[in-house]
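Following the numbering used here, the numbering of the sequence shown begins with 1 at its first residue and continues without gaps.
Below: one structure, written as structure tokens.
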Amino acid sequence: MITKSFKEYNSIESSVVTVGTFDGIHIGHQDILCKLQEISNKKKLKSIVLSFFPHPKIVLQNSKNIKLINTIDEKVEILKKYNIDYFIIKEFTKEFSRLTALEFIRDILVNTLNAKHLIVGYDHRFGRNRDANIIQLREFGEIYDFEVTEILPRKINDISISSTKIRDLLKEGNIDYVNKYLNEYFVLTGKVVKGMGRGKLLGFPTANVKIKGEYKLIPNNGVYIVASSIDSETYYGMMNIGKNPTFTDKNQSIEIHFFDLDYDIYDKNITIKLIKRIRDEKKFNSPELLREQLELDRDFTFKYLEENEIEIK
């Protein structure tokens, strides 16, 4: 169940709760969600993920330059795998940020959500100015009769995984590590719109995609191997993110050449899974040279998919 305000939440059942922005839902977040599910089943408590939108940094720093790994819809699709009873999205405002730790615990977690168990990440802080930590949280637990479980950080090669680190990797175009930290493919979701038609003239017709979500983080410009499920069929392809320097375009676009897709998909909403980054975007001296490079990219893609036995459903 998804609810965007506490007013819509009216359950009186006891719950186990985790709190956070959960941007990206990386392997560290996944540990938290697995523990949430475990305790929910063991103690017969309703499981609740309490998240916030917009991202607190967007509100508190008054910046629209902060981009996010997931849109809300993408986050919902991921959370479905964990059988969460309630996903509550609280509007984050400056007024909300001024709640003290006591007010947040007493009024929201205890009195509204009836929390009997709280699960937090190792670095979780809460309350006004984020001035309360796990020690204060356990003290509140003794007062208000709820247990607290702290989940330790997940590391790969001694590197702690965080949403900030993943956002930085996306800006670099390092999709290999992004997918490893997410434990699944990074996705873009959007609608297929009309383009310039240049790809068709080159022998590589493309679907131009307008990405959903004002705050969605778009990976670094370049060419990527991708896959999409369209009308219950999986199609692989090559995606270019950039400004088409060969044609001196000024605006960034996202174009995908799908292999073996021979029908019109204009106006369809699609989810794109990014498998691997092939190369940087380049400027070619002629459309013919661009076409030759696209043929090389296609050959590389076919070889990569075959050698790595990649099959996406």
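Positions of the beta carbon are idealized from the N, C-alpha and C atoms, including for glycine.
Practice item. Along the alpha helix (DSSP H) that carries residue 163, what are the first and last residues, could you check? Key: Annotation: the continuous alpha helix (DSSP H) that includes residue 163 extends over 163 to 172.
Practice item. Take residue 290 and list the residues in its own chain whose beta-carbon comes closer than 7 Å to its own, dropping the five residues that flank it on each side. Key: The residues 202, 246 and 284, in chain order, have a CB closer than 7 Å to that of residue 290 in the same chain once the five nearest residues on each side in sequence are set aside.
Review point. How big is the Cα-Cα spacing for residue 131 and residue 99?
Key: Going by the C-alpha atoms only, they are around 11 Å apart.
Review point. For residue 153 versus residue 237, is the C-beta distance shorter than 8 Å?
Key: A distance of 8 Å or more separates the beta carbons of residue 153 and residue 237.
Review point. Along the chain, where does the beta strand (DSSP E) that runs through residue 316 open and close?
Key: Because the chain in this structure spans residues 1 to 313, residue 316 falls outside the shown range and cannot be described.
**Study point:** Contact under 8 Å by Cβ, residue 274 with residue 235
**Key:** In this structure, residue 235 does not lie closer than 8 Å to residue 274 by Cβ.
Exercise for review: Return the CA-CA distance between residue 10 and residue 112, expressed in angstroms with no decimal places.
Suggested key: Computed Cα separation, rounded: 8 Å.
**Study point:** Opening and closing residue of the beta strand (DSSP E) in which residue 279 lies
**Key:** Residue 279 -> beta strand (DSSP E) spans 269 to 279.
Check your understanding: What does DSSP give as the partner residues of residue 187 in its beta bridges?
Key -> In the DSSP output, where bridge partners are listed per residue, residue 187 has 273.
Practice item. Give the secondary structure of residue 242 by DSSP, where H, G and I count as helix, E and B as strand, and everything else as coil. Key: Residue state, collapsed to three classes: strand.
Practice item. Taking only heavy atoms of the ligand PLP into account, decide whether any of them is closer than 7 Å to the Cβ of residue 143. Key: No copy of the ligand PLP appears in this structure; indeed no ligand is present at all.
Exercise for review: Please list, in chain order, all residues of the same chain as residue 15 whose beta carbon is under 6 Å from its beta carbon, the five residues on each side excluded.
Suggested key: Hits under 6 Å: 45, 46, 48, 113, 114 and 115.
Exercise for review: Answer yes or no: do residue 58 and residue 64 have a C-beta to C-beta separation smaller than 8 Å?
Suggested key: Residue 58 places its beta carbon less than 8 Å from that of residue 64.
Review point. Does DSSP put residue 214 in a helix, a strand or coil?
Key: Under the three-state reduction of DSSP output, residue 214 falls in the coil class, being neither helix nor strand.
Point to revise | Rounded Cβ spacing between residue 278 and residue 225 (contact assumed at less than 8 Å) | key: Their Cβ separation, rounded to whole angstroms, is 6 Å, which keeps residue 278 and residue 225 in contact under 8 Å.
Review point. Candidates 69, 43, 86 and 163: which alpha carbon is nearest residue 6's?
Key: Nearest option by C-alpha distance: 86.
Check your understanding: residue 200 and residue 266 look like a contact to me (Cβ under 8 Å); what is the Cβ gap, rounded to whole Å?
Key -> Contact between residue 200 and residue 266 is ruled out by a C-beta separation of about 13 Å, above the 8 Å threshold.
**Study point:** C-alpha distance - residue 187 paired with residue 233, whole-angstrom precision
**Key:** Going from the Cα of residue 187 to the Cα of residue 233 covers about 17 Å.
Point to revise | Under the three-state DSSP convention, the category residue 181 falls into | key: Correct three-state label for residue 181: helix.
Review point. In chain order, what residues of the same chain have a beta carbon less than 6 Å from the beta carbon of residue 148, not counting five sequence neighbours either side?
Key: Taken in chain order, the residues that qualify are 118, 137, 138 and 141.
Review point. Leaving out five residues before and five after residue 268 in sequence, what residues of the same chain have Cβ atoms less than 6 Å from its Cβ?
Key: The residues are 192.
Point to revise | Euclidean distance between Cα positions of residue 253 and residue 313 | key: If you take the alpha carbons of residue 253 and residue 313, they lie about 26 Å apart.
**Study point:** Sequence-distant residues of the same chain with beta carbon closer than 7 Å to residue 53, five excluded per side
**Key:** Excluding sequence neighbours, residue 53 sits near 72, 89, 91 and 92.
Exercise for review: Whole angstroms is fine: what's the gap from residue 77's alpha carbon to residue 286's?
Suggested key: Residue 77 and residue 286: Cα-Cα distance of roughly 42 Å.
Practice item. Give the DSSP bridge partners of residue 132, in chain order. Key: Assignment of beta-bridge partners to residue 132 by DSSP yields 126.
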